[in-house]
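Q:
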Ligand code: AHR
């Protein structure tokens, strides 16, 4: 059984850490002779409502900033992102930005960009590499902290033995690794809470539904779903309803993102708690890109500040929600 909580911050603010910048490893990029900055952006895909809002933010803000955007959708495949980055290098863009689908395996292609003197900005997701000179800055959320917030809520609201099933994001992706880690760190303080099954739903609604259907068949007692994003949580809701149970009551649901569909389900009582992950990174990305191309110092890490939402808070903010 879960108790209700009523007070959780829900401030939606973006703030840059203003600590000393890295500037990275030498390359500064260049504008075309006409003075136009070109950005090659290798997007992860279109797997979720979050991603759609993120893509729109990047496209809108590039236009507003007068940056010529070359955009590619990797359909959640690392090989496609690598191909796109190589093509941006060949086209001699001023700056490359990308959201790495997985954390590992980037050193070779990023070294090629560095040798071509094209600066790279990581946005949304980071990479696992010892060589921080391969990119100028990383703009995005603290995913471990997001997992901790989800775990904190469960620890505060669970009473008695609580069986959790986890819908993980894309295998090897930073938000999947980190949201798992932060959540586990927090629930470790309450041995009654157990993750009884954990599997990837690839950050998609259909993936979340499919995995939840399997969990409902294989697990005799499920009290809570922890979904690494709203879309998988929304897929799980469909599976729970189809199994004749009531989402939000018979099975509690915690998700991450706070996109409109997720917030609507939270306001309707079908989700119990959402940890926010803000997709509106476009403006900050364009500001950073301009600085990097001009050879100015930038912070090596720019963290997105985010809140959390209860059902009551979702009802209050839903009418003004941008995405
Ligand atoms: O990297 C951000 C994550 O990717 C979002 O939480 C998820 O919805 C998306 O697919």
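Residue numbers (the numbering used here): 1435 to 1757. Beta carbons are placed, not taken as given, at the ideal position from N, Cα and C, and that holds for glycine.
1. How would you call residue 1713, buried or exposed, if buried means at least 16 neighbouring beta carbons within 10 angstroms?
2. Under 8 angstroms, with one C-beta from each stretch per pair, do the segment 1580-1594 and the segment 1555-1563 reach the 3-pair mark?
3. Does residue 1522 come out as helix, strand or coil in the three-state DSSP assignment?
4. Do the CB positions of residue 1492 and residue 1529 come within less than 9 angstroms of each other?
5. Buried or exposed: which applies to residue 1724, given that a residue is buried once 16 or more other Cβ atoms fall within 10 Å of its Cβ?
6. Is DSSP giving residue 1714 helix, strand or coil here?
7. Inspect the beta-carbon positions of residue 1599 and residue 1588 and report whether they are closer than 9 angstroms.
8. Using 10 angstroms around the beta-carbon of residue 1518, count the other beta-carbons present and answer buried if the total reaches 16, otherwise exposed.
9. If you draw a straight line from the C-alpha of residue 1737 to the C-alpha of residue 1688, how long is it?
10. Whose C-alpha, out of 1512, 1609 and 1659, is nearest the C-alpha of residue 1576?
11. In terms of alpha-carbon separation, which member of 1542, 1572 and 1719 lies closest to residue 1497?
12. Residue 1627 to residue 1592, Cα distance in whole Å?
13. Mind checking whether residue 1642 and residue 1606 have CB atoms under 9 angstroms apart?
14. If you draw a straight line from the C-alpha of residue 1657 to the C-alpha of residue 1629, how long is it?
15. Can you tell me where the alpha helix (DSSP H) with residue 1491 in it begins and where it stops?
16. For the beta strand (DSSP E) that residue 1597 lies in, which residues bound it at each end?
17. Since residue 1506 contacts residue 1638 with CB under 8 angstroms, what's their CB separation in whole angstroms?
18. Is residue 1608 near ligand 1, going by C-beta to nearest heavy atom under 8 angstroms?
19. Report buried or exposed for residue 1510, applying the criterion of at least 16 other Cβ atoms within 10 angstroms of its Cβ.
20. Less than 8 angstroms separating the Cβ of residue 1659 from some heavy atom of ligand 1?
21. Select from 1523, 1477, 1566 and 1526 the residue whose C-alpha is nearest the C-alpha of residue 1534.
22. Exposed or buried, which one is residue 1564 when buried takes at least 16 other CB atoms within 10 Å?
A: Taking the coordinates as given:
1. Looking at its Cβ environment, which holds 16 or more other Cβ atoms inside 10 Å, residue 1713 is buried.
2. Output reads no: the segment 1555-1563 does not touch the segment 1580-1594.
3. Reduced to three states, the DSSP call for residue 1522 is helix.
4. Contact: no.
5. Counting C-beta atoms within 10 angstroms of its own C-beta, residue 1724 has 16 or more neighbours from the protein chains shown and is therefore classed as buried.
6. Correct three-state label for residue 1714: coil.
7. Going by C-beta atoms, residue 1599 is not nearer than 9 angstroms to residue 1588.
8. Label assigned to residue 1518: buried.
9. Going by the C-alpha atoms only, they are around 23 angstroms apart.
10. Cα-wise, what sits closest to residue 1576 is 1609.
11. Considering only alpha carbons, the answer is 1719.
12. C-alpha separation (whole angstroms): 8 angstroms.
13. For residue 1642 and residue 1606, no; Cβs fall outside 9 angstroms.
14. Between the C-alpha atoms of residue 1657 and residue 1629 there is a straight-line separation of about 10 angstroms.
15. Counting along the chain, the alpha helix (DSSP H) containing residue 1491 begins and ends at 1483-1499.
16. Per DSSP, residue 1597 belongs to the beta strand (DSSP E) from 1596-1602.
17. Residue 1638 and residue 1506 do not touch by the CB rule: their CB atoms are close to 19 angstroms apart, not below 8 angstroms.
18. Residue 1608: yes, Cβ under 8 angstroms from ligand 1.
19. With 16 or more other Cβ atoms within 10 Å, it is buried.
20. In terms of side-chain proximity, the C-beta atom of residue 1659 is found no nearer than 8 angstroms to any non-hydrogen atom of ligand 1.
21. Its Cα nearest to that of residue 1534, the residue 1477 stands out among 1523, 1477, 1566 and 1526.
22. Answer is exposed; the Cβ neighbour count stays below 16.
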